[in-house]
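Data first, discussion second: the structure below is written as structure tokens.
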Amino acid sequence: MAVETPLSTREVPAPRGIVPVLATVGISVALMQTLIVPILPRLPVLVGATPENTSWAVTATLLAGAVVTPISGRLGDMFGKRRMLLTSLSLMVLGSAVCAIAATLVPLVVGRALQGAAMGAIPLGIAILRDELPSRRLPGAMATISATMGVGGAIGLPAAAFVAQATDWHMLFVASLVLGLVGITAILFVVPESSHRNPGRFDIAGALLLSVALVLLLLPVTKGNDWGWTAPATLGMLAGAVVVFVGWGLYELRVPRPLVDLRLSARRPILMTNLASVAIGFSMYSNILAFPQLLMAPTETGYGFGQTMVTAGIALAPAGLVMMALSPVSARITTRFGARVTLGCGTVLVGLGYLMAYVLYQEVWHIVGASMLIGAGIGLAYAAMPALIMGAVPLRESAAANSLNTLMRSIGTTSAAAVVGVMLAAMTQRIGDSVVPALEGFRATFLVAMGAAVVGLVFTILIPPPGRSVRPVDEPRPDR
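Going letter by letter, the sequence shown gives residues -8 to 471 in the numbering used here.
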């Protein structure tokens, strides 16, 4: 019979305040995803650039986060998770400082890339919890930290909109700089360095190959709407991504200390969880992209509500609060029935939320209710993913494995940005001098997102139950 890898081997009391500190750090880092969304329409005027070029302020953040997250996870396992967590927040502070004084596009894009590089802080925080907390406290703590990925985006939109509307746009980055400094200070005083390490030579070639592959994949995905999906640059980069990914995989299977242990990642519990993460990430970001536009659509369309960015953000903020409120609920479900059941419940709620939006969209409360239902599902699903991953890998691989899972979510969200953008741009109607997405475009988006949730549920069903999963046995299970 397979021996289950313990989630934690911690035998001494955990430091006080470690969960609130890591949760605050997670929310701060997640805020970077939606920080400049309220000023995107004005950004070309603010920095003197074209709308196509200013979109790099978003693209750079997504690319940097995708590239750096798996690297920071491996470095955390090698040199210390706390050390890499501090490094991630330092990059966020540096990027915020650059953006705060930026008057043109180039420094703004550089600063936004540095902010995106901090995304590795969330999986590092989850890995730290595994090292520091006893098993009985882990499900709730991991649920709280993992939910910050959704909470930060949900509450960040109205907060950033209010700041951008009330003050100079540079204050957005001053605020993020302060958050980063507060996080660094709290980590220095509260979070200890873990003794669990996976020493060895860093896989530089593997990191470079993975970085090139991710850029070749995600850059045309994020810019395909601007370049054209059949343009030579788009097709060439996607083809190149396939070639480089294959080469990277063959290389990783041959090196003794790979950046990503593909043999471990190919095991069914981890593989199915990561595939489900892509689908759920897609569903999560579809909500963030579609619902605000629907709420802000002019009333002349016959379906829009004509709300401002601030009021639309406030209307959708409860979804983020629901995600955080469900952390203890998800922990109870995971403790009693297992993380697989928690993930399944989350995907079902997400699908039901999009079904509600597809059927009911005539009143603001319809959209708010659907977003809260989706938020509840995302909260459960995001809480279950690290529990499934952490229960299937040894402690020495925890940061790298969880970082890979975060990367899978990022691939899902990036893909959603491309697909939803294409759908809403393809189905439009003219209102005066403006062209806005048509109702059919929004409803088609809801159907696709609901389909992604169904795909996520299928992958969840394919995750082996705990008693049947094949797991590493290199660490003994502590007697609790």
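Glycine included, every Cβ here is placed at the ideal spot set by N, Cα and C.
Give me the DSSP bridge partner(s) of residue i.
i, result
"residue 365", "None, per the DSSP bridge assignment."
"residue 302", "None, per the DSSP bridge assignment."
"residue 420", "427"
Got a sec, what are the start and stop residues for the beta strand (DSSP E) residue i sits in?
i, result
"residue 491", "Since the first residue shown for the chain is -8 and the last is 471, residue 491 is missing from the structure and cannot be characterised."
Is residue i helix, strand or coil by DSSP?
i, result
"residue 158", "coil"
"residue 92", "coil"
"residue 40", "coil"
"residue 260", "helix"
"residue 465", "Reliability fails at residue 465, whose pLDDT of 45 lies under 50, so the model's placement of it is uncertain and the value that follows must be treated cautiously. Here residue 465 sits in coil by DSSP."
"residue 470", "Unreliable placement is indicated for residue 470, whose pLDDT of 37 sits below 50; no coordinate value is reported for it."
"residue 8", "coil"
"residue 30", "helix"
"residue 286", "helix"
"residue 131", "helix"
"residue 68", "helix"
"residue 0", "At residue 0 the pLDDT is 48, less than 50, meaning the model places this residue with poor confidence; the figure from the coordinates comes in the next sentence. Residue state, collapsed to three classes: coil."
"residue 353", "coil"
"residue 185", "coil"
"residue 25", "coil"
"residue 251", "coil"
"residue 246", "coil"
"residue 147", "helix"
"residue 74", "helix"
"residue 192", "coil"
"residue 382", "coil"
"residue -7", "Note that residue -7 has pLDDT 39, beneath the 50 cutoff, so the model's placement of it is unreliable and the number below is only indicative. In this structure, residue -7 counts as coil in the three-state DSSP scheme."
Measure the Cβ-Cβ separation of residue i and residue j and say whether it is below 7 Å.
i, j, result
"residue 270", "residue 443", "yes"
"residue 451", "residue 267", "yes"
"residue 283", "residue 303", "yes"
"residue 441", "residue 335", "no"
"residue 348", "residue 367", "no"
"residue 75", "residue 115", "yes"
"residue 34", "residue 50", "no"
"residue 329", "residue 457", "yes"
"residue 27", "residue 48", "yes"
"residue 83", "residue 109", "yes"
"residue 17", "residue 136", "yes"
"residue 319", "residue 131", "yes"
"residue 232", "residue 257", "no"
"residue 14", "residue 139", "yes"
"residue 170", "residue 406", "no"
"residue 253", "residue 243", "yes"
"residue 429", "residue 419", "yes"
Tell me, to the nearest whole angstrom, how far the beta carbon of residue i is from that of residue j; I am working on the premise that it is less than 8 Å.
i, j, result
"residue 134", "residue 322", "5 Å"
"residue 160", "residue 358", "Not a contact, Cβ separation roughly 27 Å."
"residue 182", "residue 119", "6 Å"
"residue 317", "residue 371", "6 Å"
"residue 168", "residue 87", "4 Å"
"residue 344", "residue 365", "4 Å"
"residue 288", "residue 427", "6 Å"
If you follow the alpha helix (DSSP H) that residue i is in, where does it begin and where does it stop?
i, result
"residue 296", "Careful: residue 296 lies outside any alpha helix (DSSP H) and carries neither H nor E."
"residue 123", "112 to 123"
"residue 211", "195 to 218"
"residue 454", "First-last for residue 454: undefined, no H or E at that position."
"residue 318", "318 to 328"
"residue 231", "223 to 243"
"residue 46", "Neither: residue 46 is in no alpha helix (DSSP H) and is coded neither H nor E."
Is there a Cβ from chain C that is less than 7 Å from the Cβ of residue i?
i, result
"residue 173", "The structure shown contains no chain C; it is built from a single protein chain."
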